[in-house]
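Everything on this sheet refers to the single structure shown next.
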Amino acid sequence: SQQGEEDPQALSIQEGENATMNCSYKTSINNLQWYRQNSGRGLVHLILIRSNEREKHSGRLRVTLDTSKKSSSLLITASRAADTASYFCATDAWNTDKLIFGTGTRLQVFP
Amino acid sequence: GAGVSQSPRYKVAKRGQDVALRCDPISGHVSLFWYQQALGQGPEFLTYFQNEAQLDKSGLPSDRFFAERPEGSVSTLKIQRTQQEDSAVYLCASSLVRHRGIQETQYFGPGTRLLVL
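See below:
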């Protein structure tokens with residue numbers, strides 16, 4: 589069973605707008621990662637945030653982590669049509685290397 | 085360099101048939117993972133190898149599922165007597181080994197889409 593839940597399940601925006609996706613998880617974590625998956629393709633790693641970090645940036649991506657609320661958010665600024673994909677958060681624990689994925693957010697960016 | 089590759093990309097099997105799915109990890113990656121992704125869902129963990137040792141197989145849904153990595157590189161996921169509920173995308177990922185408690189990024193292959201009729 590999956591640990592994380594993401595909301596919204598689906599999000600449609602215009603190019604240039606910002607997109608925010610949220611992820612909640614259930615147990616204590618070591619790291620939280622965000623992945624992107626284009627239709628019919630494998631997962632691409634976007635960014636990793638450690639449990640002792642609160643915010644991280646990478647290009648147009650901004651990730652926050654609130655371990656007290658067991659939640660994370662991914663912000664994509666100035667979105668592009670090429671950002672259209674499904675986005676998943678994934679967590680791991682101290683004593684395991686396996687990733688536990690959320691249910692994903694399907695993002696559609698219209699030109 | 086080359087990423088994780090998987091074959092076949094698509095597989096159609098009749099119910100009851102055995103299938104074998106192959107994963108070629110990134111060269112030098114010690115850890116190898118298999119995940120199952122049902123339509124519209126996130127991937128779910130199946131099993132994990134470190135070199136040739138299968139360290140965790142807690143996610144395998146039944147004893148019809150078997151994975152091996154005999155020489156610590158290529159891995160095969162075998163599903164015996166396939167059922168319709170086995171239809172999914174099977175993803176393989178590899179990574180360097182965890183170092184000093186810090187997990188390394190997992191790099192995913194394109195997946196094998198299995199359809200059981």
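Note that the protein sequences, when read in sequence, are chains G and U.
Residue 635 in the numbering used here sits at position 47 of the first sequence; the count goes up by one each step and never skips.
Residue 90 in the numbering used here sits at position 6 of the second sequence; the count goes up by one each step and never skips.
Backbone N, C-alpha and C define an ideal beta-carbon position, used for all residues, glycine too.
Along the region 124 to 153 of chain U, the positions whose C-beta sits under 7 Å from a C-beta of chain G are 125, 126, 127, 128, 129, 132 and 140, read in chain order. At the C-beta level, residue 162 of chain U and residue 177 of chain U stay beyond 9 Å of one another. For residue 651 of chain G, the nearest beta carbon of chain U is not closer than 9 Å to its own beta carbon. In the structure shown, residue 108 of chain U adopts extended strand secondary structure according to DSSP, grouped into three states. Interface annotation, residue 633 of chain G: in contact with chain U, CB-CB separation under 9 Å. The DSSP-derived three-state label of residue 128 of chain U is strand. Residue 691 of chain G has a beta carbon lying within less than 9 Å of a beta carbon in chain U. Of all residues in the region 654 to 680 of chain G, only 674, 676, 677, 678 and 680 come within less than 9 Å of chain U when Cβ atoms are compared, listed by chain position. One finds nothing in chain G with a Cβ atom closer than 7 Å to the Cβ of residue 167 of chain U; even the nearest lies about 19 Å away.
Not a single C-beta of chain U is nearer than 9 Å to the C-beta of residue 637 of chain G. CA-CA distance, residue 169 of chain U to residue 200 of chain U, rounds to 8 Å. Residue environment: residue 640 of chain G is assigned as exposed (fewer than 16 neighbouring CB atoms within 10 Å of its CB, all protein chains considered).
At least 9 Å separates the CB of residue 615 of chain G from every CB of chain U.
Annotated as distal: residue 647 of chain G and residue 674 of chain G, with beta-carbon spacing of 9 Å or more. For the region 93 to 116 of chain U, residues whose beta-carbon sits nearer than 9 Å to a beta-carbon of chain G comprise 115. Contact of residue 175 of chain U with chain G is assigned, a C-beta pair being separated by under 9 Å.
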